[in-house]
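**Student:**
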Amino acid sequence: VYLDHAATSWPKPTQVIDAVVSGMTDLGGNPGRSAHELAMDSARAVHAARCDVARLLGAPDPRDIAIVSGCTEGCNLVLKGFLGPGDRVVVSSLEHNSIARPLNALSVAGVEVIVVEADATGAVDPAAVAAAVASGPTRAVVCMHASNVAGTIQPIADLTRVAHDAGAAMIVDGAQGAGHVAVDVVALGVDAYVCSGHKALLGPEGVGVVYLAPGFAPREASQGGTGDGGINGDVHPTTRPQRYEAGTRNVPGILGLGAAARLLAEQGDATRAEEARLVRRLHEGLEYAGYTVLGPPADVPRVPIVSVTHPRLDADRLANALDERYGIATRAGLHCAPWAHRTLGSGATGALRLSLGWGSRDCDVDAALDALAELAR
Ligand SMILES: Cc1ncc(COP(=O)(O)O)c(C=O)c1O
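Numbering-wise (our numbering), the sequence shown opens with residue 90 and increments by one.
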């Protein structure tokens, strides 16, 4: 029973696996480099996958989609490429280390980081963010789309309005958003939306997506080979997506991500409806069994993540018992998000996280509820 989809989704859909294998067998060469047929086919396949990802996220121009190694690399690219000494950034207290740690490094380099506390259910209040941006000239507001601990979905369109009214850019960590939430980057109005390819987007590990709105152009993280450059070869290109894709890409991974994007375009709505139904059952069942659920109440929509504490039982021991005695995969601890656990009141203990995803079934929820009820008896 796999309830660790928030770490990475598993199993991957057959279409994704087939596309990865095809990327290593039917295709070859290095897209954008050589001009032989194999490399040209590879380039066409990568372009098609980029278009599929752009369509899924509502990005009108696929050149605004850069494919990187994961959400961590993408967040580093955007934050370090956009912020510099003397800038001020407003960020929520729920952020993952993929945001918290680059911002910590930037604060050492002279960026002022203002943390806005989310409430005890993990909700970020746009009014609190508005007050923070009003208290000083702010270059960017940074917030996750959905919490990897509490499952809370943040009001990104409202936060974007707050940021833009103050002349700040809106940067979103969508690692737990895209896939679990239908994303339209234009409707949200964001300047940057960064996501993992391998979580709810259902792609393989080793790919992530950075959407950069037209006109929002952080510095590139690396310079190097892009397959073009012409006569002025020493200067890294400013064209998209080449600017943000120095070096050979993970072609099989990108093809897998493209296949996943096509699958989600067809099945995303049905998958999200099923996830919403299952996560509510899981939430209510855990409360009934005596566990305290972090985050919003059961009737508030959330991504399919439920983290719990128990007055007597330690989260790590619960995860071990679930694994060893019941064959149920979950994750305990701080989930790379100590800020979020502090906000939610579980900073000292951590929590047990159960996360559902594509392919989760009622019997998975039943197995977890039966096991956790037995362990709490
Ligand atoms: C909210 C959030 N941001 C960023 C990341 C990092 O993603 P990746 O593993 O793709 O680097 C995660 C992964 O757990 C996450 O949950």
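In this text, a Cβ means the ideal position worked out from N, Cα and C, and glycines have one as well. Quantities reported herein were computed from a predicted structural model and do not represent experimental measurements.
Taking 7 Å as the cut-off, is the CB of THR227 close to at least one heavy atom of ligand 1?
**Tutor:** No - ligand 1 has no heavy atom lying nearer than 7 Å to the Cβ of THR227.
**Student:** Only counting the same chain, and skipping five residues up and downstream in sequence, which positions put a Cβ closer than 7 Å to that of LEU291?
**Tutor:** Excluding positions up to five away in sequence, the list reads SER98, LYS101, PRO102, VAL105, GLY268, ALA349, LEU352, LEU353 and TRP447.
**Student:** In chain order, what are the residue ranges of uninterrupted beta strand (DSSP E) at least 3 long that sit wholly in the segment 147–195?
**Tutor:** Here the runs fully enclosed are 154–157 and 177–181.
**Student:** Return the chain-ordered list of same chain residues with a C-beta closer than 7 Å to the C-beta of THR438, the five sequence neighbours on each side being excluded.
**Tutor:** Same-chain partners within the cutoff: THR398 and ALA404.
**Student:** Taking the straight line between their C-alpha atoms, what separation do you get for ASP153 and ASP459?
**Tutor:** ASP153 and ASP459: Cα-Cα distance of roughly 46 Å.
**Student:** Restricting to Cα atoms, I'd like to know which of LEU145, ALA365 and ALA239 is closest to GLU355.
**Tutor:** For GLU355, the nearest C-alpha among the options comes from LEU145.
**Student:** At what residue ranges does the segment 221–285 contain a whole run of the beta strand (DSSP E), taking only runs of 3 or more?
**Tutor:** You should have 229–233, 258–262 and 281–285.
**Student:** Alpha carbon to alpha carbon, how far is ARG338 from PRO303?
**Tutor:** Going by the C-alpha atoms only, they are around 23 Å apart.
**Student:** How would you call VAL197, buried or exposed, if buried means at least 16 neighbouring beta carbons within 10 angstroms?
**Tutor:** By the neighbour-count rule (16 or more Cβ atoms within 10 Å), VAL197 is not buried but exposed.
**Student:** Pull up the CB-CB distance for GLY199 and PRO174, whole angstroms please, since I reckon it's below 8 Å.
**Tutor:** Contact holds; Cβ gap of about 3 Å.
**Student:** Judging by CA-CA distance, which residue of ARG308, GLU309 and ALA246 is the nearest neighbour of GLY278?
**Tutor:** Checked all of ARG308, GLU309 and ALA246; the closest Cα to GLY278 is ALA246.
**Student:** Residues in its own chain within less than 7 Å of MET113 by CB, not counting five upstream and five downstream?
**Tutor:** Excluding sequence neighbours, MET113 sits near PRO341.
**Student:** CB of GLN243 to nearest heavy atom of ligand 1: below 7 Å?
**Tutor:** Answer for GLN243: no, Cβ out of range of ligand 1.
**Student:** Verify the contact flag: THR419, CB atom, against every heavy atom of ligand 1, threshold strictly below 7 Å.
**Tutor:** No; taking the cut-off as 7 Å, the Cβ of THR419 has no heavy atom of ligand 1 nearer than that.
**Student:** Give a yes or no on whether the C-beta atoms belonging to ALA429 and ARG420 are separated by under 8 Å.
**Tutor:** In this structure, ARG420 does not lie closer than 8 Å to ALA429 by Cβ.
**Student:** Less than 7 Å between C-beta atoms, sequence neighbours within five positions excluded: which residues of the same chain meet that for VAL392?
**Tutor:** Correct list, in chain order: ALA235, GLY240, ILE242, GLN265, HIS269 and VAL270.
**Student:** May I ask you to check if the CB of MET113 is nearer than 7 Å to at least one heavy atom of ligand 1?
**Tutor:** No, the beta carbon of MET113 sits no closer than 7 Å to any heavy atom of ligand 1.
**Student:** According to DSSP, is PRO107 part of a helix, a strand, or is it coil?
**Tutor:** Here the sequence assigns Asp to residue 107, which means Pro is not the residue at that position. Note: ASP107 maps to helix in three-state DSSP.
**Student:** Taking 8 Å as the cut-off, decide whether the C-beta atoms of LEU423 and ALA138 are in contact.
**Tutor:** Cβ distance not < 8 Å, so LEU423 and ALA138 don't count as in contact.
**Student:** Could you tell me if ALA426 is buried or exposed, where buried requires 16 or more neighbouring beta carbons within 10 angstroms of its beta carbon?
**Tutor:** So ALA426 counts as buried.
**Student:** When we look at the beta-carbon of PRO293 and count the other beta-carbons within 10 Å, is it buried (16 or more) or exposed?
**Tutor:** Classification of PRO293: buried, given that the 10 Å Cβ count is 16 or more.
**Student:** Under a three-way DSSP split, which group does ARG391 fall into?
**Tutor:** Here ARG391 sits in strand by DSSP.
**Student:** Please report how far the alpha carbon of ALA378 lies from the alpha carbon of SER182, in whole angstroms.
**Tutor:** Looking at the two C-alpha atoms, the distance is approximately 29 Å.
**Student:** In this structure, does DSSP put ILE417 in helix, strand or coil?
**Tutor:** In this structure, ILE417 counts as coil in the three-state DSSP scheme.
**Student:** Return the CA-CA distance between ILE417 and VAL179, expressed in angstroms with no decimal places.
**Tutor:** The straight-line gap from Cα to Cα measures roughly 38 Å.
**Student:** Report yes if the CB atom of ASP455 is closer than 8 Å to the CB atom of LEU367, and no otherwise.
**Tutor:** No, the pair does not count as a contact, with Cβ atoms beyond the cut-off.
**Student:** Kindly indicate the opening and closing residues of the beta strand (DSSP E) around LEU353.
**Tutor:** Careful: LEU353 lies outside any beta strand (DSSP E), inside the alpha helix (DSSP H) at 340–377.
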